[in-house]
Structure formats: C-alpha cells, structure tokens
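Just so we're aligned, residue 1 is where the sequence shown starts under the UniProt record's numbering, counting upward by one.
Just so it is clear, CB atoms sit at the ideal spot from N, CA and C, and this is done for glycine as well.
This structure is a prediction, so every number in the text was calculated from the model and none was measured.
In what follows, a structure is listed as structure tokens, so that the remarks can point back to it.
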Amino acid sequence: MSTQTSAPTDRVPHPLVVRTVALGDDDLTGLGDLAGSPFTRGPAGRRAADAGTPDPADLLGLLPADAPLAWVRRGDGLVAWGEALRVEVHGPDRFAQAERVWQEVLAHAIVRDEVRLPGTGAVAFGSFAFDEDSPAGGVVVVPSVVVGRRGGRTWLTTLTTGARLHGAPRLADVVGDRTPVHDPGEVTSTDGAVDAAGWRDVVARGVAAIRAGEVDKVVLARDVIARTQRPVDVRWALQRLADDYESCWTFSVDGLIGATPELLVRSEKGLVTSRVLAGTIRRTGDDAADVARAAILAHSSKDLEEHEYAVSSVAGALEPFCSSTNVPDVPFVLHLPNVLHLASDVTGVLAAPTGEQSHPSSLALAAALHPTAAVCGTPTQAARALIRRIEGMDRGRYAGPVGWFGADGDGEWGIALRSAQVDPDDDRRVRLFAGCGIVAASDPAAELAESEAKLIPMRHALGRGTGDR
C-alpha cells in the first residue's frame, strides 16, 4: 500500500492480522545454522567477518539482506523484515498523514498479543524527511515479521493481510535461509553537493547571518558520496555500528542506516524522554587527553550556548503536552568512540487526557519536536529559511525522525544522525551526512573538522578494516 495523502479506510484491502508470541531458549537454539551469517564474536566482544555461527542472542544476525528494518541498542530492540503494508507521505502534514493511515489500519486489525510489552503487537517503522518540501517525504513500513527483545524477554510477531489467526508462529519457519553477510569491498569517497572549501564558506555565511541578528543559531550539514566495489549489504554496516556505538540507537529503515546518539522522543506509559545533544569535541584516542578535552567541552561557552538553545527548544515543544517536565540544570558529557558531546535528558509526564481524548502518540510528539534546535537552529523558522538559502543541498531524511511506534501510540523516535542513505537506484552508491551547530563564535575550519569527526561512524561502518572509529 502506498499513498501520498491520507488513505481512506477502503484503501486498506484486508485487515491486518497480528500475532505475538514469546520466544524461549529452545526457539533460539539452532538459529545460527538458519541465519547463515558469517559474524562471530571475537575475543574482545566485537564481530569479525569469519565463517561461523552467529550469536543467537543477536537480533541483527536474524536479518535478511533485502530491506532489513532495525532499531536496536545494547542488544535490545526490534528487527524486522518483509512488508505487510507500506505508506509513503509528502508535504508539511506528512506526520499527520502517516498517523491517520496507521489508525485506519489499526481500526480493522485483528491482534493477539501474548507478551504485552512495548514493541509487541502491531508495530510500524518510519523515517521522515528533514524538510517538509523534500521529495524524500516520509515512509511508514508495517513489516511481515518482527523479532524483539527487552529486559531478557524475546518475542516474535507476525503481521499479515487477508488471513485469519492461526496457530502460534515458529521463528524457524519465518527466518528461512539467510545469505552470508558480505563486505562492500573497496570504498572511495567524493565530494557531495558542496566541497570542503565551499562548505567553509557556507559556515562563514551562517556566522555572518548570526552576527547580523538574523538567527541565534543555525545547524549546517554537508554530504559525502561513497562508492563501494560491491553492492552494499546493509547488515554489514549495522553490525559494525551496533558493536562500535553500543550507547547509540542503530537503525535501518528504507535504506536509511545509522547509529544515532540523539533520541528525539520516547513515549511509554505516559512518560516521555528526549536525549538532547549539542556541543561537540573530537576525541584524541588517548584516555588522559580525552578526560581533559571533556573538561574543556563542559566549560566551553560556545558549546554551552549551543546546548542551551537545543535543550530549550525540546523543553518548550514538550511543555504543552506534559503536566510536568524535568530539565537538567547542566549537561553531562557523553563519551562516544569518535567524539564527546554535551548531553541532557529531558523528561516529562504526559498530561492526563480529558473526555474521549487520548495521549498524543509518539509520532505526534516527534512531529511537534521536529526540527529541534540541535538539527535546525533557533528561531526555528528563520533558521530553516537560512538553511534552505545557503546549505546548497536537500538533506533527504538525514536529521529527520526515524524509529518505530505501536498500536497504543508508544514508541521511540531518534534523529537520523551519524547516518547514510543507500541510493535506491544504485546499491553501490551511499550518501553520508554530517552537520554542525553554528553560533556567533563558530570557526569555519573547526566546524569542518568537527563534521569530519561525525562522518567517522559511517565511514568505518562501510569500510573493511578496523580503522579510526
């Protein structure tokens, strides 16, 4: 199913039939032979591309090569494949369009959920463009098969159309044969829409606009084009991202892949959380030096200013939906393998619904939050206009919401950072993205260096060696 506007109920040809069952150790035994993945645990806990049996506890090891869907962090999360339904949306109301179609699907769904945890029952994955005018639009995919894990419990969900509820599904029956994961071979990179020198000029124009009072902060992005020797196997990149960036959310939706450190919003049982990142410094690889750099970052007036704008934008967007919010007084320093970030976890309690109203869905909250000052700037409309004028490219779904939501509206949406888009028309071409927050004190050369640091996760995910992470 595909639509560019909200789809009426009669566009849903058959009801969605959903069955979720718990999986035990017996269900997972022997899946290594079924999956056929070459990834094995190395002595240091990382994956090595050697022939062998995958860890049955690894969700990513279950994925097929064709259009895998994923949202995982520290071994928990969701992986999925197949398409029971697909919805494509465009324009300024793309989030509302997707929400309406999802509600129409759910209104006719037949669901038997024997687990009843966040992520069980009917779920959909989604990815949305940063800019409302982007031809990338948005996509919501209802998969055919979902395997999830949370807190030591694992489950299987099957989703079909035009069928009736049958007996409990078996994981062995829906995994099937899996082709071995392969590396992309040699990878070469070329400039994207704007080369390095040109992007320094873009940043300088952004700084000039800030000093002229046009905006307080603007986030400017650039792209790099990677070309691989062999077709990209998304599973290769996902495994490397999940291993290198365990504290991030590793995702895959419709060819958009990455490991984002920034959680736009999680909504669960009336509680909401948003992890805000703004303010960055590159790591050196030396622990003692990085401790010193973390202290520098924590006291940097430029980075603290950038972070304050981002936190204020998130807190302000959540406030109308919440009876109470908690905004940390000072950020903490998030340590990632390639960079250090200033980070704050903003939390809130959703206001009690009145009358026949219900809590806003996680997608509705994501729509209200997007774009935050961490990926756009402030004031929002002025920053967005400046981006359109000087950035020189369409971001596509980079820096847009990506994640999943369920039948009850709860879910998790990240910001598609540290990400890349596999070209749908050329599976050897990948577009990598990075962006930087610009304030009055920003230096174009330093921002270019920061963008290079932010490209490291995807460069390494596509590469064959260990390299610089």
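Residue i and residue j closer than 9 Å at C-beta
{"i": "residue 277", "j": "residue 365", "result": "no"}
{"i": "residue 387", "j": "residue 203", "result": "no"}
{"i": "residue 247", "j": "residue 74", "result": "yes"}
{"i": "residue 412", "j": "residue 362", "result": "yes"}
{"i": "residue 349", "j": "residue 314", "result": "no"}
{"i": "residue 154", "j": "residue 144", "result": "no"}
{"i": "residue 192", "j": "residue 225", "result": "yes"}
{"i": "residue 242", "j": "residue 18", "result": "no"}
{"i": "residue 402", "j": "residue 414", "result": "yes"}
{"i": "residue 236", "j": "residue 181", "result": "yes"}
{"i": "residue 377", "j": "residue 438", "result": "yes"}
{"i": "residue 78", "j": "residue 404", "result": "yes"}
{"i": "residue 416", "j": "residue 441", "result": "no"}
{"i": "residue 184", "j": "residue 240", "result": "no"}
{"i": "residue 80", "j": "residue 146", "result": "yes"}
{"i": "residue 461", "j": "residue 257", "result": "yes"}
{"i": "residue 238", "j": "residue 317", "result": "no"}
{"i": "residue 117", "j": "residue 245", "result": "no"}
{"i": "residue 311", "j": "residue 65", "result": "no"}
{"i": "residue 222", "j": "residue 433", "result": "yes"}
{"i": "residue 306", "j": "residue 340", "result": "no"}
Paired residues, beta bridge with residue i - DSSP
{"i": "residue 401", "result": "415"}
{"i": "residue 304", "result": "Looking at the DSSP assignment, residue 304 forms no beta bridge with any residue, so it has no partner."}
{"i": "residue 421", "result": "256, 431"}
{"i": "residue 125", "result": "141, 404"}
{"i": "residue 110", "result": "17"}
{"i": "residue 265", "result": "413"}
{"i": "residue 83", "result": "Paired residues: none, contrary to the question."}
{"i": "residue 149", "result": "77, 154"}
{"i": "residue 275", "result": "345"}
{"i": "residue 89", "result": "138"}
{"i": "residue 71", "result": "78, 251"}
Residue i burial status per 10 Å Cβ neighbour count (16 or more: buried)
{"i": "residue 14", "result": "exposed"}
{"i": "residue 435", "result": "buried"}
{"i": "residue 326", "result": "exposed"}
{"i": "residue 56", "result": "Per-residue confidence for residue 56 stands at a pLDDT of 43, beneath the threshold of 50, marking its modelled position as unreliable; no derived number is given."}
{"i": "residue 43", "result": "Caution applies to residue 43, whose pLDDT of 33 falls short of 50 and renders its modelled position unreliable; the value that the coordinates give is listed next. Exposed, by the Cβ-count rule."}
{"i": "residue 170", "result": "exposed"}
{"i": "residue 186", "result": "exposed"}
{"i": "residue 37", "result": "Its pLDDT being 45, under 50, residue 37 is placed unreliably in this model, and the value from its coordinates should be taken loosely. Result: buried."}
{"i": "residue 271", "result": "exposed"}
{"i": "residue 459", "result": "buried"}
{"i": "residue 419", "result": "buried"}
{"i": "residue 457", "result": "buried"}
{"i": "residue 114", "result": "exposed"}
{"i": "residue 283", "result": "buried"}
{"i": "residue 471", "result": "Residue 471 is absent from the structure shown; the chain starts at 1 and stops at 469."}
{"i": "residue 444", "result": "buried"}
{"i": "residue 265", "result": "buried"}
{"i": "residue 97", "result": "buried"}
{"i": "residue 397", "result": "buried"}
{"i": "residue 375", "result": "buried"}
{"i": "residue 134", "result": "buried"}
{"i": "residue 178", "result": "buried"}
{"i": "residue 195", "result": "exposed"}
{"i": "residue 406", "result": "buried"}
{"i": "residue 466", "result": "Reliability of the predicted coordinates at residue 466 is poor, the pLDDT of 38 falling under 50, and the value obtained from them is presented with this limitation in mind. Residue 466 is exposed by the Cβ-count criterion."}
For residue j and residue i, believed in contact at Cβ under 8 Å, the rounded distance
{"i": "residue 120", "j": "residue 20", "result": "5 Å"}
{"i": "residue 130", "j": "residue 395", "result": "4 Å"}
{"i": "residue 309", "j": "residue 373", "result": "4 Å"}
{"i": "residue 227", "j": "residue 100", "result": "The pair is not a contact, with the Cβ atoms about 39 Å apart (cut-off 8 Å)."}
{"i": "residue 165", "j": "residue 112", "result": "6 Å"}
{"i": "residue 139", "j": "residue 127", "result": "6 Å"}
{"i": "residue 409", "j": "residue 267", "result": "7 Å"}
{"i": "residue 106", "j": "residue 84", "result": "Their Cβ separation, rounded to whole angstroms, is 13 Å, which puts residue 106 and residue 84 out of contact at 8 Å."}
{"i": "residue 351", "j": "residue 321", "result": "6 Å"}
{"i": "residue 137", "j": "residue 89", "result": "6 Å"}
{"i": "residue 482", "j": "residue 279", "result": "Missing from the structure shown is residue 482; the chain here goes from 1 to 469 and no further."}
{"i": "residue 290", "j": "residue 297", "result": "Not quite, the Cβ-Cβ distance comes to about 10 Å (not below 8 Å), so this is no contact."}
Identify every run of the alpha helix (DSSP H) within the segment 307–369, keeping only runs that are complete inside it and at least 4 residues long; order them along the chain.
362–369
Quick one: which unbroken beta strand (DSSP E) runs of 3-plus residues sit fully inside the segment 165–251? Chain order, please.
187–191, 217–228
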